[in-house]
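Novice: If you're matching them up, the sequences are chains E and F in order. Residue numbers for the first sequence, in my numbering: 41 to 640. Residue numbers for the second sequence, in my numbering: 41 to 640. Below is one structure. I have some questions about it.
There are 2 protein chains.
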Amino acid sequence: MSTHADRLTLLRAQLERDKLDGFVIPLTDAHLSEYVGGDAKRLEWLTGFGGSAGSAVVLADTAAIFVDGRYTLQVREQVDGALYAYENVPATSTSAWLGKHAPAGGRIGYDPWLHTRNWVEAARKALGEQRPLVPVNTNPVDKVWADQPAASAAPAVPHDLMFAGQTSAEKRAQLADALNAQNCDTVVLSALDSIAWVFNIRGADVERTPVVLAFALVHADGSADLFIAEDKVDDGLRAHLGDNVWLHPYEGFSTALTALAGKRVMVDPERAVAAIFEALIGVDVVEVRDPCVLPKAIKNATEINGTKTAHHRDGAALSRFICWLASEAPKGTLTELAAADRLEGFRKATNQLKDLSFDTISGSGPNGAVVHYRVSPETNRTLPANSMFLVDSGGQYLDGTTDVTRTVWIGPDAPPAEERDRFTRVLKGHIALARAVFPRGTRGSQLDVLARQHLWAAGVDYAHGTGHGVGSYLGVHEGPQRIATSSGGQPGTEEPLAAGMIVSNEPGYYKTGAYGIRIENLVLVEERTPIGAEGTYLGFDTLTLAPIDRTLVDTSLMGRDELRWFDGYHARVLAEIGPQLDGDARAWLEAACAPLDVHP
Amino acid sequence: MSTHADRLTLLRAQLERDKLDGFVIPLTDAHLSEYVGGDAKRLEWLTGFGGSAGSAVVLADTAAIFVDGRYTLQVREQVDGALYAYENVPATSTSAWLGKHAPAGGRIGYDPWLHTRNWVEAARKALGEQRPLVPVNTNPVDKVWADQPAASAAPAVPHDLMFAGQTSAEKRAQLADALNAQNCDTVVLSALDSIAWVFNIRGADVERTPVVLAFALVHADGSADLFIAEDKVDDGLRAHLGDNVWLHPYEGFSTALTALAGKRVMVDPERAVAAIFEALIGVDVVEVRDPCVLPKAIKNATEINGTKTAHHRDGAALSRFICWLASEAPKGTLTELAAADRLEGFRKATNQLKDLSFDTISGSGPNGAVVHYRVSPETNRTLPANSMFLVDSGGQYLDGTTDVTRTVWIGPDAPPAEERDRFTRVLKGHIALARAVFPRGTRGSQLDVLARQHLWAAGVDYAHGTGHGVGSYLGVHEGPQRIATSSGGQPGTEEPLAAGMIVSNEPGYYKTGAYGIRIENLVLVEERTPIGAEGTYLGFDTLTLAPIDRTLVDTSLMGRDELRWFDGYHARVLAEIGPQLDGDARAWLEAACAPLDVHP
């Protein structure tokens with residue numbers, strides 16, 4: 041196996057052959073996916089960086105890797121500083137760095153299938169006229185990556201109506217209405233979750249997210265062209281898609297775009313790569329958000345029932361795990377990796393798990409304070425006595441996607457006062473958000489403070505958002521809504537929350553080098569009509585069902601309404617999860633869900 | 041006295057003489073003031089509209105008046121619909137309306153001293169090239185307004201260092217630092233409160249706000265040119281301003297701007313009118329926010345002590361009034377106007393009142409539900425038995441500006457359950473905001489929900505912001521900070537709150553046709569350092585001291601911490617205001633401030 045130094049040398053030689061003085065390597069695919077297939081992991085192959093977001097720029101005599109604050113430590117462990125300068129985003133950007141470091145007269149290459157048009161425009165501006173930014177036909181990394189995996193050949197399968205709740209034809213009829221309302225002929229769809237949603241198909245081309253590699257054009261008459269590798273399609277899928285969906289090879293997409301000349305076409309500049317815009321010559325382009333985004337986020341009744349069933353099942357698996365942990369951890373030999381494996385085992389034992397919804401975060405003590413911790417053999421830690429353990433995990437089921445975090449105290453002693461104080465403040469924030477009622481039109485940024493207020497009162501905070509959207513047997517991170525402060529520059533915080541959306545409620549607290557706390561449930565936005573209400577109001581119905589560690593609660597900090605919520609939630613957990621457990625597990629759950637003992 | 045129809049006819053004849061096919065009449069002055077002097081009340085003279093925000097456009101055969109939602113009813117009462125079409129802002133705008141209604145080839149006039157450059161650009165764009173937008177030298181309204189008042193000749197007076205806390209020379213040295221940091225020669229100041237702040241001067245040119253009509257240029261060496269009517273300046277003021285401030289006639293400002301050619305000059309496009317930009321020919325203009333805005337908002341120790349003293353005094357006056365009201369209102373003859381007069385009397389009796397800080401809002405029953413109600417002989421209402429009464433008022437004192445709202449129940453019966461429920465929810469929001477602790481950098485938009493959450497829980501809300509900044513013996517509305525949702529498009533909600541800022545805390549509830557509730561205190565932003573704090577945290581110190589009506593509190597809705605805040609606040613009111621009262625008033629205050637009687 042070649043070293044990363046070898047690979048960098050190979051790439052530089054290829055750039056010379058391609059008459060390029062530099063090249064940009066982002067971590068995404070032609071669908072701007074957050075998680076990508078093995079063949080698209082060019083950044084990891086080249087540099088060794090295994091995080092979920094980053095880029096590299098390679099010039100003839102220098103190179104740099106760009107990551108955000110989450111990966112400041114990880115990039116130094118995985119990437120050789122002798123080969124790549126470490127750069128921080130958003131302090132700098134690939135385009136700003138290019139503006140500063142690209143040589144005079146240099147030709148800088150980029151793969152137009154891996155960048156937004158906005159990125160191309162910013163980079164072109166930073167480079168100026170004397171240093172052309174040049175699109176490549178074939179990615180030079182692919183030319184030198186000898187053992188690059190083939191694109192996934194996993195089959196695409198129908199997503200049954202009993203889970204989807206609405207036929208693809210109905211969804212396409214709605215898209216057609218949206219097209220006609222704007223006098224458009226066609227919409228270009230390139231986001232994989234949008235395509236999976238529109239056609240009611242699922243696949244296994246990307247880890248942890250059951251999407252299918254494909255592009256699509258949906259037309260104003262409800263018909264569609266689907267660009268998908270032939271070997272993914274069998275007769276069953278063909279029948280499922282029906283007569284109104286024409287199948288084409290994945291590679292035919294680009295040519296099909298040029299055939300749209302003279303038409304009026306919707307494209308989402310946030311979700312379509314630059315190559316798509318470059319192919320739309322002579323097209324009247326209408327730049328709007330992908331019209332699947334909102335209806336996909338607003339779950340229908342079938343999806344809502346499905347997710348409740350999935351959470352019912354998943355909550356039992358997680359409860360079994362926490363029960364097992366309570367007896368296993370005190371032995372002093374349990375590791376983070378073994379715990380994560382055992383949790384996956386409980387989920388698999390449901391016989392309905394299709395995949396995890398993301399790599400389990402299994403963090404003991406100080407590892408729990410690393411917000412995006414991913415346990416590896418190198419970092420694997422044995423759970424010691426009298427320590428905090430944070431586990432963030434989820435499952436992909438046909439009827440829904442789960443995502444849940446619990447933080448538990450590994451005894452045998454009672455937890456220290458500080459840990460109880462911090463845990464209780466996180467819990468109070470979680471409860472405040474869970475109980476919130478708000479008028480239609482309220483955006484996630486408005487609610488964020490509810491989850492933080494009790495931590496702030498103690499002069500502490502958490503450096504991540506409070507909630508993200510979740511798909512229906514799709515991405516565990518799904519837009520457009522989000523609960524976070526609006527200052528982070530991340531999109532979604534200004535999207536009004538709407539009935540039917542699923543969002544996470546996950547405040548936390550992280551003490552570097554000591555412990556991490558996060559309490560995460562998924563919640564469903566639903567209409568609420570208090571007596572005397574003036575207008576339409578919304579609230580949250582908690583979907584996730586698993587006990588929250590009572591031993592970490594300082595009841596003296598809890599208000600009456602908070603105690604009522606906590607005991608009420610546990611009563612619900614016991615009522616809905618209890619019947620799925622028996623024997624010791626059932627007895628354990630009863631104790632874990634018992635009302636808090638409060639002396640007023 | 042001429043009718044509004046006569047005046048419109050006069051203006052149209054003048055427009056014809058001036059070869060104009062239309063003219064725009066905004067409600068502001070050359071300083072873009074919120075409140076203006078009598079000579080600038082062109083809109084009111086022309087149309088009869090007496091609200092605080094609006095514009096009119098007059099064409100040869102049609103005319104329209106533009107007001108926002110606050111004035112939808114008022115404009116119909118005050119302005120003749122046969123003369124002016126009623127238009128709503130922001131549904132339309134003067135520029136959009138002009139684009140639609142201005143005649144082909146028409147020349148539309150505007151006074152460049154009364155509009156921002158942004159407005160001019162938007163209007164020019166809406167009109168297009170065929171319909172020129174033409175600046176006038178003399179406002180045509182002034183030409184036909186026979187009895188237009190002269191500009192105020194009120195003297196400018198020094199604002200003593202014992203109130204200002206910092207000399208003008210020190211303030212100008214800070215501005216000079218800001219200029220040098222950006223390699224600028226000069227800053228143009230046109231906002232009246234900025235000028236009053238920089239030079240430590242006050243006046244009486246505008247009702248309710250002690251500013252002086254003036255323009256200023258401050259230079260990078262700390263010297264300044266002040267453009268002010270000569271008759272406002274006496275030897276005392278001249279001595280106060282010192283050698284480094286050159287005095288010029290107010291009218292000389294425009295010529296002085298043209299003399300800046302070749303210099304690098306800061307101008308605030310939000311605060312400087314279009315005429316200022318038009319005069320800066322050959323100037324390197326740096327567009328930034330007026331550099332006085334932030335230091336003016338962040339009060340120094342002297343101003344903070346001053347405002348506390350002012351609130352101490354003002355709270356006693358208001359408490360005397362509420363005590364008087366408690367004995368007077370049951371007689372059944374008290375009117376809103378008489379109540380407002382009596383309250384002003386109590387403030388005057390302090391012998392330190394310079395002016396009210398705004399026209400008192402004195403609203404009984406349904407009048408209390410009109411958010412910007414201004415009592416007049418036509419609307420004046422007698423306070424009936426068993427009704428709600430809302431009074432929003434404030435005073436201008438040399439040491440500070442106050443603004444306070446109390447809502448009281450006029451007995452003799454106990455208030456109905458609904459009124460108590462709504463009042464208690466407003467109170468809970470007020471308390472949540474008052475108790476908030478938040479990290480440095482937090483913006484007002486993030487805290488807004490704290491004040492609304494308990495109303496939302498009942499499906500109700502209030503259609504105004506939660507808090508505005510307040511000056512130090514200056515404007516009762518002062519930027520840049522603001523507590524409100526960010527969606528309203530009003531500036532300020534994204535300004536970080538900083539220690540030393542004063543802001544109002546004023547949630548409310550309004551039931552149209554029935555009653556209004558608002559509880560408003562001013563609060564000071566101050567640093568808070570909880571034990572174990574990670575970073576700098578801020579909180580609010582409540583400045584306003586006057587009892588909140590206990591009879592309207594439903595204690596069953598109040599949490600332990602809320603009850604503690606309420607009783608603690610009243611204990612403070614009694615301790616600080618009590619010694620200023622005696623006899624019956626003192627006894628009344630003791631009862632009004634007694635701890636709530638709670639049976640747990």
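C-beta: ideal position from N, C-alpha, C; glycine also.
#1: Could you name the residues of the same chain whose beta carbon sits closer than 6 Å to that of residue 640 (chain E), not counting the 5 residues immediately before and after it, in chain order?
#2: My output table needs one value for residue 449 (chain F): the three-state DSSP class, helix, strand or coil.
#3: If you measure from the beta carbon of residue 521 (chain E) to each beta carbon in chain F, is any gap under 7 Å?
#4: Are there 16 or more other CB atoms within 10 angstroms of the CB of residue 629 (chain E), so buried, or fewer, so exposed?
#5: Would you check if the distance between the CB atom of residue 312 (chain E) and the CB atom of residue 294 (chain E) is smaller than 7 Å?
#6: In three-state DSSP terms, what is residue 420 (chain E)?
#7: Along the chain, where does the alpha helix (DSSP H) that runs through residue 180 (chain E) open and close?
#8: May I ask you to report which of helix, strand or coil DSSP gives residue 63 (chain E)?
#9: Determine, using beta carbons only, whether residue 315 (chain F) comes closer than 7 Å to chain E.
#10: Return the CA-CA distance between residue 520 (chain E) and residue 331 (chain E), expressed in angstroms with no decimal places.
#11: Taking residue 358 (chain F) as the reference, which of F:372, F:430, F:296 has the closest Cα?
#12: Between the beta-carbon of residue 180 (chain E) and the beta-carbon of residue 58 (chain E), is there less than 7 Å?
#13: Compare the beta carbon distance of residue 94 (chain E) and residue 83 (chain E) with 7 Å and say whether it is the shorter of the two.
#14: Check whether the Cβ atoms of residue 288 (chain F) and residue 198 (chain F) lie closer than 7 Å to each other.
#15: Is it buried or exposed, residue 472 (chain F), if we count other Cβ atoms within 10 angstroms and call 16 or more buried?
#16: Taking Cβ-Cβ distances below 8 Å as the criterion, which residues of the segment 595-628 of chain F are in contact with chain E?
#17: My output table needs one value for residue 137 (chain F): the three-state DSSP class, helix, strand or coil.
#18: So, do the segment 267-279 of chain E and the segment 193-210 of chain E have three or more beta carbon pairs nearer to each other than 8 Å?
#19: Going by the CB atoms, is the gap between residue 474 (chain F) and residue 490 (chain F) shorter than 7 Å?
#20: What is the DSSP secondary structure of residue 406 (chain E), reduced to helix, strand or coil?
#21: Mind listing, in chain order, the continuous alpha helix (DSSP H) runs of no fewer than 4 residues lying wholly within the segment 308-387 of chain E?
#22: Hey, quick one: how far does the alpha helix (DSSP H) through residue 234 (chain F) stretch, first residue to last?
#23: Cα-Cα, which of E:290, E:350, E:154 is closest to residue 434 (chain E)?
#24: Below 8 Å on the Cβ atoms is my guess for residue 149 (chain E) versus residue 170 (chain E); work out the distance and round it to an integer in Å.
#25: Measure the C-alpha to C-alpha separation of residue 498 (chain F) and residue 336 (chain F) and round it to an integer number of angstroms.
#26: Does the CB of residue 573 (chain F) have a neighbour CB from chain E at under 7 Å?
#27: Going straight from the alpha carbon of residue 64 (chain F) to that of residue 158 (chain F), what length do you get?
#28: So, for residue 394 (chain F): in the same chain, excluding its five sequence neighbours on each side, which residues have a beta-carbon less than 7 Å away from its beta-carbon?
#29: Three-state secondary structure (DSSP) at residue 165 (chain F)?
#30: Starting from residue 479 (chain E), find everything on chain F with Cβ-Cβ shorter than 7 Å and list it in chain order.
#31: How big is the Cα-Cα spacing for residue 130 (chain E) and residue 108 (chain E)?
#32: Please list, in chain order, the chain F residues whose beta carbon lies closer than 7 Å to that of residue 487 (chain E).
#33: Go ahead and pull the three-state DSSP assignment for residue 276 (chain E).
#34: Are any of the Cβ atoms in chain E nearer than 7 Å to that of residue 547 (chain F)?
#35: Is there contact between the segment 505-518 of chain F and the segment 577-588 of chain E, where contact requires at least three CB pairs shorter than 8 Å?
#36: Which word fits residue 598 (chain E), buried or exposed, when buried means at least 16 other C-beta atoms lie within 10 angstroms of its C-beta?
Specialist: Based on what the coordinates show:
#1: Bear in mind that a pLDDT of 47 at residue 640 (chain E), under 50, signals an unreliable position, so the number given afterwards is only what the model happens to contain. Excluding positions up to five away in sequence, the list is empty.
#2: strand
#3: Residue 521 (chain E) does not count as touching chain F.
#4: buried
#5: Contact flag unset, no.
#6: coil
#7: 180-184
#8: strand
#9: no
#10: 11 Å
#11: F:430
#12: yes
#13: yes
#14: no
#15: buried
#16: 599, 600, 601
#17: helix
#18: yes
#19: no
#20: helix
#21: 314-319, 333-337, 341-368
#22: 232-239
#23: The residue with the shortest Cα to Cα distance from residue 434 (chain E) is E:350.
#24: Not quite, the Cβ-Cβ distance comes to about 16 Å (not below 8 Å), so this is no contact.
#25: 39 Å
#26: yes
#27: 15 Å
#28: 250, 436, 437, 438
#29: helix
#30: Contacts between residue 479 (chain E) and chain F, judged by CB atoms closer than 7 Å, involve 496, 501 in chain order.
#31: 7 Å
#32: 489
#33: In the displayed model, residue 276 (chain E) falls within a helix according to three-state DSSP.
#34: No, because no Cβ of chain E sits closer than 7 Å to the Cβ of residue 547 (chain F).
#35: no
#36: buried
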